[in-house]
Amino acid sequence: LNPLLSISFEPGSTMKPFTIAAGLENGTLYGGETYYCDGSAHYGGHDISCHKLSGHGVQTLEQGIANSCNVVMMRVAEKIGQDEFLKYLKLFGYGQETGISLPGEAIGLLQDPETMGAAGLATNSFGQNLNITMSQMVAGFSSLINGGNYYQPQIVKQIQDENGNVTLVGV
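Adding 7 to a residue's 1-based position in the sequence shown gives its number in this note's numbering.
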């Protein structure tokens with residue numbers, strides 16, 4: 008088994024840029040919002056903590072990512088809404104095969120929309136209670152830096168220039 012394809016994990020804070028991107032892309036966010044972090048937020052009957060228990064205070068979206076603020080992400084996900092949030096996770100390629108031409112690819116684990124609830128949405132926003140593979144993470148991040156375009160990962164044997172000369176050897 009190739010662990011990059013076959014083993015899924017909780018992505019943790021690496022999920023935070025996807026939460027912000029989903030809100031910006033669907034128009035829920037405009038980029039100038041601020042949120043207040045006092046160290047925790049209450050969702051679905053649970054107090055869910057930020058890693059900075061004393062809180063970050065007022066945070067912009069950029070500061071929320073830079074400071075890895077869980078409360079900002081929970082507030083953003085609440086604003087986006089569960090159905091839209093899950094839609095964007097799937098658009099980023101989570102919960103499904105990437106289609107890479109290697110055997111043994113896992114699909115990870117997304118929460119069921121019927122049972123996710125407020126606490127599930129809150130924790131998903133900062134990368135807990137969902138599982139993805141490393142190949143899904145790389146493909147997802149590539150879409151963030153490629154203008155929002157998702158490209159199916161490919162295995163490359165070699166790259167040739169216009170004259171047929173090998174310029175890069177892959178796997």
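All residues carry an ideal CB built from backbone N, CA and C; glycine is no exception.
Next on the checklist: Give me the DSSP bridge partner(s) of Leu56.
Outcome noted: Per the sequence presented here, residue 56 reads as Ser, with Leu not at that position. Ser56 is bridged to Ser47.
Item to check | Range of the contiguous beta strand (DSSP E) that encloses Gly64 | outcome: Gly64 to Thr67
Checklist entry - Going along the chain, which residues of its own chain have a beta-carbon closer than 6 Å to the beta-carbon of Gly147, five neighbours each way excluded? => result Phe99 and Gly100
Next on the checklist: If I follow the unbroken alpha helix (DSSP H) through Thr26, where does it start and stop?
Outcome noted: Lys23 to Glu32
Next on the checklist: Please classify Ala73 as buried or exposed, where buried requires at least 16 other C-beta atoms within 10 Å of its C-beta.
Outcome noted: exposed
Checklist entry - Where do the ends of the beta strand (DSSP E) carrying Val176 lie? => result Val173 to Val176
Checklist entry - How should Ser142 be labelled, buried or exposed, when 16 other C-beta atoms within 10 angstroms of its C-beta is the threshold for buried? => result buried
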